[in-house]
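Data first, discussion second: the structure below is written as structure tokens.
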Amino acid sequence: MTTGTSRTDSLDRQKLRFIDVDGVRTRVYEDGAGAPLVLLSGGEYGSLYSLDCWSLNLPALARHFRVFAVDKLGQGYTDNPKTDSEYTFEALFRHTCGVFQALGITNAHVAGHSRGAFLAARLALERPELVKTLIIVDSSTLAGDPPGFDFYANIGRPGGRLPKGVAPKPETVRVEADAQAYSREQVTDDFIARMVEIALLPKTREAGERMEVVGESVWLGSLRPKQEETLRQVDERGFRVPTLVVWGFDDRSAPLRLGLSVFERIRAKTAAAELHVLNGAGHYSFRDRSQAFNRTVASFCLG
Numbered sequence: 147m148t149t150g151t152s153r154t155d156s157l158d159r160q161k162l163r164f165i166d167v168d169g170v171r172t173r174v175y176e177d178g179a180g181a182p183l184v185l186l187s188g189g190e191y192g193s194l195y196s197l198d199c200w201s202l203n204l205p206a207l208a209r210h211f212r213v214f215a216v217d218k219l220g221q222g223y224t225d226n227p228k229t230d231s232e233y234t235f236e237a238l239f240r241h242t243c244g245v246f247q248a249l250g251i252t253n254a255h256v257a258g259h260s261r262g263a264f265l266a267a268r269l270a271l272e273r274p275e276l277v278k279t280l281i282i283v284d285s286s287t288l289a290g291d292p293p294g295f296d297f298y299a300n301i302g303r304p305g306g307r308l309p310k311g312v313a314p315k316p317e318t319v320r321v322e323a324d325a326q327a328y329s330r331e332q333v334t335d336d337f338i339a340r341m342v343e344i345a346l347l348p349k350t351r352e353a354g355e356r357m358e359v360v361g362e363s364v365w366l367g368s369l370r371p372k373q374e375e376t377l378r379q380v381d382e383r384g385f386r387v388p389t390l391v392v393w394g395f396d397d398r399s400a401p402l403r404l405g406l407s408v409f410e411r412i413r414a415k416t417a418a419a420e421l422h423v424l425n426g427a428g429h430y431s432f433r434d435r436s437q438a439f440n441r442t443v444a445s446f447c448l449g
């Protein structure tokens with residue numbers, strides 16, 4: 147059986163709080179001073195991933211920025227959508243804009259991982275006043291639908307959710323985290339324990355059950371048209387803000403060839419675009435190479 151590491155990987159709970167976003171109880175982490183940096187995790191409704199995934203990055207980034215990490219709608223400790231019809235990308239986007247408004251954030255550096263990078267890209271396109279720089283991290287969602295590519299083939303965990311009928315325990319929760327990691331040193335006991343806590347929440351179980359029903363029709367039915375629209379807009383005019391693409395060389399679920407195609411698409415019409423490939427890094431490249439990731443983000447955003 148795979149075991150974790152005892153490396154210190156905690157969150158300062160004094161920097162966690164809940165805010166109300168149009169009636170949705172929303173968990174955020176805030177630390178530091180300076181220009182705002184907003185971190186959006188990957189995953190989708192019912193995923194075990196949350197703002198906790200940035201735990202290896204938060205203290206160092208807070209030395210350069212006023213850092214905000216957010217539990218997205220229906221993830222972590224943030225409330226689920228109220229009805230099945232709201233398990234959509236549009237609801238997620240509205241909620242995220244509401245978070246910015248509730249926290250008084252504008253003109254921020256915005257970093258998103260995987261599905262969260264697609265959300266960050268939509269913010270840059272639709273709400274440019276909110277985004278000063280865009281940071282895209284290991285996001286196959288922004289690669290469209292490459293022929294012959296199956297996002298789940300190598301990991302087998304739709305959206306970071308536990309499969310139906312699998313009990314939330316450390317050994318079951320860590321399966322996907324281990325599969326995505328280049329170095330299992332970053333899959334710490336602390337991190338897995340926090341993921342188990344999230345997996346045991348009734349709201350997490352509820353969101354997973356609803357996604358079994360509406361994931362294809364409602365969630366992906368709303369996401370796919372936005373993907374097509376986004377790729378068309380990027381091809382036509384690119385991003386109007388400096389854009390950094392960060393990718394793990396050893397990413398199994400979003401291989402580097404996808405990262406290169408994402409960057410090729412962006413750089414064609416985006417004047418200030420950079421690609422940074424992290425060697426020895428999997429899908430959670432910001433955890434595998436946390437110090438290198440932090441240096442790259444600080445250098446890009448602060449010049």
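Residue numbers in the sequence shown follow our numbering, run continuously in steps of one, and reach 449 at the last position.
C-beta: ideal position from N, C-alpha, C; glycine also.
Bear in mind that the values here come from a model prediction, so they are computed numbers and not experimental data.
N-terminal and C-terminal residue of the alpha helix (DSSP H) that D177 is part of: Counting from 1 along the sequence shown, the entry for residue 177 is found at position 31. For D177, there is no enclosing alpha helix (DSSP H); the enclosing beta strand (DSSP E) covers residues 170–177.
Residues near F446 in its chain [Cβ-Cβ closer than 6 Å; skip 5 each side]: Position 300 of the sequence shown holds residue 446. The beta carbon of F446 lies closer than 6 Å to those of L390 in the same chain, with the five residues before and after it left out.
Neighbourhood of T224 by C-beta, 6 Å cutoff - its chain only, sequence neighbours within 5 removed: Against the sequence shown, residue 224 aligns to sequence position 78. If the five residues before and after T224 are omitted, its C-beta is found closer than 6 Å to the C-beta atoms of T172, R173, D217, all from its own chain and listed in chain order.
Secondary structure, alpha helix (DSSP H): runs of 4+ residues fully inside the segment 299–338: Taken in chain order, the complete alpha helix (DSSP H) segments of 4 residues or longer contained in the segment 299–338 are 316–326.
Contact test: R435 Cβ vs the ligand SAH heavy atom, cutoff 7 Å: Here there are no bound small molecules, and the ligand SAH is not part of this structure.
Test item: CB-CB of V453 and F214 under 8 Å: Lying before the first or after the last residue shown, residue 453 is absent from the chain, which here runs from 147 to 449.
Cβ-based neighbour list, F337, same chain, cut-off 6 Å, excluding 5 preceding and 5 following: Taking the first residue of the sequence shown as position 1, residue 337 is located at position 191. The answer, listed in chain order, is D155.
Simplified DSSP state of E272, which is helix, strand or coil: Taking the first residue of the sequence shown as position 1, residue 272 is located at position 126. Looking at E272 - three-state DSSP - the assignment turns out to be helix.
Length of the line joining the Cα atoms of N226 and F246: Position 80 of the sequence shown holds residue 226. Position 100 of the sequence shown holds residue 246. If I take the Cα positions, the gap works out to 18 Å.
Any 3 or more C-beta pairs closer than 8 Å across the segment 382–396 and the segment 412–419: As far as the Cβ criterion goes, the segment 382–396 touches the segment 412–419, which means the pair count is three or higher.
Which of helix, strand or coil DSSP assigns to I165: Here residue 165 refers to the residue found at position 19 when the sequence shown is read from its first residue. In the structure shown, I165 falls within a strand segment according to DSSP collapsed to helix, strand and coil.
Proximity winner among E190, R159, F164, relative to M357 (alpha-carbon distances): To locate residue 357, count along the sequence shown from 1; it is residue 211. Per the Cα distances, E190.
Simplified DSSP assignment, three categories, for E382: Within the sequence shown, numbered from 1, the residue matching residue 382 stands at position 236. Helix, per DSSP.
Assigned exposure category for T287 - 16 Cβ within 10 Å defines buried: Taking the first residue of the sequence shown as position 1, residue 287 is located at position 141. Around the beta carbon of T287, 16 or more other beta carbons lie within 10 angstroms, which makes this residue buried.
Minimum C-alpha distance to V170 - residue among A181, T229, S187, G188: Taking the first residue of the sequence shown as 1, we reach residue 170 at position 24. Selection A181, T229, S187, G188 evaluated against V170 yields T229 as nearest (Cα-Cα).
Whole-angstrom C-beta distance between A345 and L308, which should lie under 8 Å: To locate residue 308, count along the sequence shown from 1; it is residue 162. To locate residue 345, count along the sequence shown from 1; it is residue 199. At roughly 6 Å, the Cβ-Cβ gap stays under 8 Å, so L308 and A345 are in contact.
Beta-bridge pairing of V392 - partner residues as DSSP gives them: Here the question's residue 392 lines up with position 246 in the sequence shown. Answer by DSSP bridge pairing, in chain order: V283, H422.
Bounding residues of the beta strand (DSSP E) (the contiguous stretch that carries L183): Taking the sequence shown and counting its residues from 1, the one referred to as residue 183 is at position 37. Start and end: 182–186.
Coarse secondary structure for R398, derived from DSSP in three states: Locating residue 398 in the sequence shown gives position 252, counting from the first residue. Reduced to three states, the DSSP call for R398 is coil.
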